[in-house]
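Student: The listed protein sequences correspond, in order, to chains A and B.
Everything in the first sequence is counted per my numbering, starting at -3 for the first residue and increasing by one.
Everything in the second sequence is counted per my numbering, starting at -3 for the first residue and increasing by one.
2 protein chains.
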Amino acid sequence: MEYRGDAYRLLESRGAKVGDRIVVKTRDNEYRGILMPRYELADDTHLVIKLGNGYNIGVSIDRIVSIRLDERREDKEVVEARGEDKEGKGEEGERGRGGSVIERNSTRARLALVSTGGTIASRIDYRTGGVRAVLTAEELYSIVPELSSIAVIDAEVLMQEYSENLTPMHWSIMAEKVTEKIYKGYDGIVITHGTDTMHYTSSALSFALQDLPVPVVLVGAQRSSDRPSSDAATNLIGASLFAATADASGVFIAMHKGKSDDRVALHIGTRVRKNHTSSRDAFESIDIEPIAVVDIDSKRIEMLESDCNVRGRDKSRRPIVRSRFDEHVALIKFYPGFDPSMIEYLISKGYRGLVLEGTGLGHVSKRCFNAIKDAIDSKMLVCMTSQCIWGRLRMTVYETGRDLLSMGVVPLDMLPETALVKVMWVLANSSSMDEARSMLLSDIAMEFK
Amino acid sequence: MEYRGDAYRLLESRGAKVGDRIVVKTRDNEYRGILMPRYELADDTHLVIKLGNGYNIGVSIDRIVSIRLDERREDKEVVEARGEDKEGKGEEGERGRGGSVIERNSTRARLALVSTGGTIASRIDYRTGGVRAVLTAEELYSIVPELSSIAVIDAEVLMQEYSENLTPMHWSIMAEKVTEKIYKGYDGIVITHGTDTMHYTSSALSFALQDLPVPVVLVGAQRSSDRPSSDAATNLIGASLFAATADASGVFIAMHKGKSDDRVALHIGTRVRKNHTSSRDAFESIDIEPIAVVDIDSKRIEMLESDCNVRGRDKSRRPIVRSRFDEHVALIKFYPGFDPSMIEYLISKGYRGLVLEGTGLGHVSKRCFNAIKDAIDSKMLVCMTSQCIWGRLRMTVYETGRDLLSMGVVPLDMLPETALVKVMWVLANSSSMDEARSMLLSDIAMEFK
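1. Does the distance from the C-beta atom of lysine 418(A) to that of aspartate 283(A) stay below 7 Å?
2. How far does the beta strand (DSSP E) with proline 211(B) in it reach, from first residue to last?
3. Mind checking if aspartate 430(A) is an interface residue toward chain B, Cβ cutoff 7 Å exclusive?
4. Within 10 angstroms of its Cβ, does leucine 436(B) collect 16 or more other Cβ (buried), or is it exposed?
5. Only counting the same chain, and skipping five residues up and downstream in sequence, which positions put a Cβ closer than 8 Å to that of threonine 355(B)?
6. Just mark glutamate 8(B) as buried or exposed, buried being the case when its beta carbon has 16 or more other beta carbons within 10 Å.
7. Less than 7 Å between the C-beta atoms of leucine 240(A) and alanine 105(A), yes or no?
8. Count the other C-beta atoms from every protein chain shown that fall within 10 angstroms of the C-beta of glycine 346(A), then say buried if there are 16 or more, exposed otherwise.
9. Could you pull the DSSP bridge partners for asparagine 271(B) from this structure?
10. Can you tell me where the alpha helix (DSSP H) with leucine 237(A) in it begins and where it stops?
11. Under 8 Å: do the stretch 317 to 337 of chain A and the stretch 171 to 187 of chain B share three or more Cβ pairs, one atom per stretch?
12. Helix, strand or coil for cysteine 304(B), going by three-state DSSP, please let me know.
13. Using DSSP bridges, identify the partner residues of glutamine 218(A).
14. Assign valine 268(B) to buried or exposed, taking buried as 16 or more other Cβ atoms, counted over all protein chains shown, within 10 Å of its Cβ.
15. Kindly list, in the order they appear in chain B, the residues whose Cβ is closer than 8 Å to that of cysteine 379(A).
16. Against chain A, does histidine 263(B) count as a neighbour if the rule is that its beta carbon must be under 7 Å from one of theirs?
17. Taking only beta carbons into account, state which residues of the stretch 361 to 388 of chain A come closer than 7 Å to chain B, listed in chain order.
18. Quick one: grab the DSSP three-state call for methionine 155(B).
19. Quick check: is the beta carbon of lysine 253(B) nearer than 7 Å to any beta carbon in chain A?
20. Could you tell me which chain B residues have their CB closer than 8 Å to the CB of asparagine 271(A), listed as they occur along the chain?
21. Skipping 5 residues on each side, what residues in its chain have a beta carbon closer than 6 Å to that of aspartate 257(B)?
22. Less than 7 Å between CB atoms is the rule here; does leucine 131(B) satisfy it with respect to chain A?
23. Give a yes or no on whether the C-beta atoms belonging to threonine 22(B) and isoleucine 60(B) are separated by under 7 Å.
24. Going along the chain, which residues of the stretch 177 to 190 of chain B sit with their C-beta nearer than 9 Å to a C-beta in chain A?
25. Helix, strand or coil for glutamate 26(B)? Go by DSSP, reduced to three states.
26. Residue ranges of each alpha helix (DSSP H) run of no fewer than 4 residues wholly in the stretch 155 to 215 of chain A, ordered along the chain?
27. Can you find a CB in chain A that lies within less than 7 Å of the CB of aspartate 192(B)?
28. So what's alanine 441(B) in DSSP terms, helix, strand or just coil?
29. Can you tell me the Cβ-Cβ gap for alanine 204(A) and arginine 318(A), rounded? I've got them flagged as a contact below 8 Å.
30. May I ask you to report which of helix, strand or coil DSSP gives alanine 147(B)?
31. Quick one: does glycine 94(A) have its CB under 7 Å from some CB of chain B?
32. Using DSSP with H/G/I as helix, E/B as strand and the rest coil, what is aspartate 283(B)?
33. Just to confirm, are leucine 107(A) and serine 236(A) a CB contact at a threshold of 7 Å?
34. Taking only the alpha-carbon atoms, compute the straight-line gap between serine 374(B) and valine 351(B) and give it to the nearest angstrom.
35. Tell me, please, which residues DSSP counts as bridged to cysteine 379(A).
36. Which residue comes first and which comes last in the beta strand (DSSP E) that contains phenylalanine 248(B)?
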């Protein structure tokens, strides 16, 4: 990961090592930041510096006039909080629009950082031009040294999976690990996660872990941490600040907000979706605002007004842990030409739950009615959501919806992905159909729109 | 549909009938518009007036000071264009941002209005409080008399279905009907359609009908035409204006744009999606701008700048019609816990195509790899899209995507709904797997992002 060739000689002559804070002057500019590692086949004619806003910049060594060492990297396994808060002890700052602004707390919070894989912990494989997952807790530190100024952080590698490979079993493992961390007394838990299915996992943990005493924040990156414009550092800083200091509890996702470089949004775990394949602000709260925004530069958390009642933190609270999921649940997106025999197939396979992603206000073709009746007759929980993504489910407006309701289809006015996870969870944690239906229709983790 | 009780007596005393243009004065206001019908169990204490902007308002008869008859309704089966264009003959007006503004053409265009069902042609059933489809061409006219000032319109009821009940067979019927109308020489075709699957149909017609000489515009409504705030009239007016006068050809969807009352957006048929269950601006172009916006008040069409090359109209052009679809194609949305045996089931049922709605840049779990290999070995076309909805598909970035590509999965960088329809169409219109793959990867109707 070190430099070589001309770049190496230049750095060695100045006594600068990867991880040090340095000031680099070129003919036109001055860059102040942390010297980042270079990988394998990278050229030897550029230095990479992580700037204060979290972004990396490559500087051609031809253009460098001087390099000055600003601060030596601290090499500790568990990096302790460096420097006290400048603004005083936990005072509440100025009010933002509609919400309160919380200054970074000066007490040394303790965070558990649990990594599960994904781009946030990956780097470019220069041999293939693609990205592969390579992760140790130490590597994460070397990439985001700023974390040490936020809290005392204990890192642990729980698994190393692209998130498309995660299953409900992995959700259970994560829920158990979070429980363990909570009983160890951490002030917050940050879970690094691949973005592809992060919103499924955040729903799963929201149902599995109720009455949480502290925040559990899932965080990912859309661009790997060794790329210029990577969002890994800002997202991780935002997640850690919120987990360490926000007066909130529950399960959240922290990811870039909008096109700005230095704002990270906190989304409620059951109300968020990956809506873009590649942009840094791919995650969006659906039909509500994010619960908070972290300004990375000022390290401020702005709590936004919300219809959702996020409870404050309370370390004396004991979580309710129900971490099992029943995989005999299918999500089926309806479309013109959909073959109802798919539903009959699920019946024959012993499926216990079916979430339909219907059209509009919650509809499927009348061609499906017989198969749906068969499913309900065979004690399958059949639920309806909408593929529109936005807007309320309203099955009483049209004949089709009313017909489906009268057959016993359960309207789940929530995101299809959240509904799938909830049905999996309800079926694993109820002892009768009546109890399951009642749990399905109860608000458990702010999942209803 | 007529009034009764006090309302009836008031109207009779003034000689005003449903469909007439009237001026109603209350103590505070003056309303100028068309007297709308009232239905069945409605109260007898309000008149309903359609205002110039297309919206209905209910006026309590207690508040009415005077009613004046402005213009008698014209009772014609085929209403002819009334009044000439005020702004002159087809002059090009002022330029809008980035595009050109086209004044309403003064020549009498001929439009074919084909109705297939849905909310735009439905009304509230006051006995149930819901909505049911009741449609005749005459009713449509009585609801939107303004259509007569746009063009000579011939209306035809092709089918009466909620759009969730439509199948690829119905797409074929619509394509054949449009072809018939084109050969009759119409200047444009407007198809009223339920909104739930309107974007599937617009994709289907885009592939089935190439080299169209004139615009084919699908239009729906999110609120039935007898409700205050119905968008039926504005959408229909916007669709008709565009179909009659815009210098464009191809298949489009016309629906409300944004929160404004009087703007209708024109979307390219393969690039649009219903993204909200209930709002009037539920339809959105994905990753591009709409191709045009119609201002209903001024009757102006503003063509927007676009990456897509929409061809102008040319009535001498002969369309290529390939209206068949193969229903042995499934769309499967991937999720954590997805059971790959669903794919094996499709193989056993003789499916010929599978569109996966994967995660992120185009991924599914490695648990699915064997089933996908089996599908490809059995000559099934297996294609990938993303459930993110927005953003490009990029299967070369991560190992998972590269593995899937090397197995033979076809990356379709388009909306999942469009991809499903395209595979159905390609399989019905190709004679070999090679030809099918080549058609899949060719740009046919601006479907690629």
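C-beta atoms are modelled at their ideal positions from N, C-alpha and C, and glycine is treated no differently.
Tutor: Taking the structure as given:
1. Not a contact, by the Cβ cut-off of 7 Å.
2. 211 to 215
3. Not a single C-beta of chain B is nearer than 7 Å to the C-beta of aspartate 430(A).
4. buried
5. The residues are Phe330, Ser382, Gln383, Cys384.
6. exposed
7. Residue 240(A) is actually alanine in this sequence, not leucine. A contact, by the Cβ cut-off of 7 Å.
8. exposed
9. The partner list for asparagine 271(B) (beta bridge, DSSP) is empty, contrary to what the question assumes.
10. 228 to 241
11. no
12. Here cysteine 304(B) sits in coil by DSSP.
13. Partner(s): none; glutamine 218(A) has no beta bridge.
14. buried
15. Going along chain B, no residue has its Cβ under 8 Å from cysteine 379(A), so there is no contact; the nearest lies around 14 Å.
16. no
17. Ser361, Lys362, Ser382, Cys384, Ile385, Trp386, Gly387, Arg388
18. The three-state reading of DSSP puts methionine 155(B) in coil, since its state is none of H, G, I, E or B.
19. no
20. Cys384, Ile385, Trp386
21. Asn49
22. The pLDDT assigned to leucine 131(B) is 49, lower than 50, so where the model puts this residue is not dependable, and the model offers no usable value.
23. yes
24. Gly190
25. strand
26. Qualifying alpha helix (DSSP H) stretches, in chain order: 164 to 179, 194 to 204.
27. yes
28. coil
29. The pair is a contact, with the Cβ atoms about 6 Å apart (cut-off 8 Å).
30. coil
31. Confidence is the limiting factor: at glycine 94(A) the pLDDT is only 35, short of 50, which leaves the residue's position unreliable, though a coordinate-based value still follows. Judged by the 7 Å Cβ criterion, glycine 94(A) is not in contact with chain B.
32. coil
33. yes
34. 15 Å
35. Val351(A), Val406(A)
36. 246 to 252
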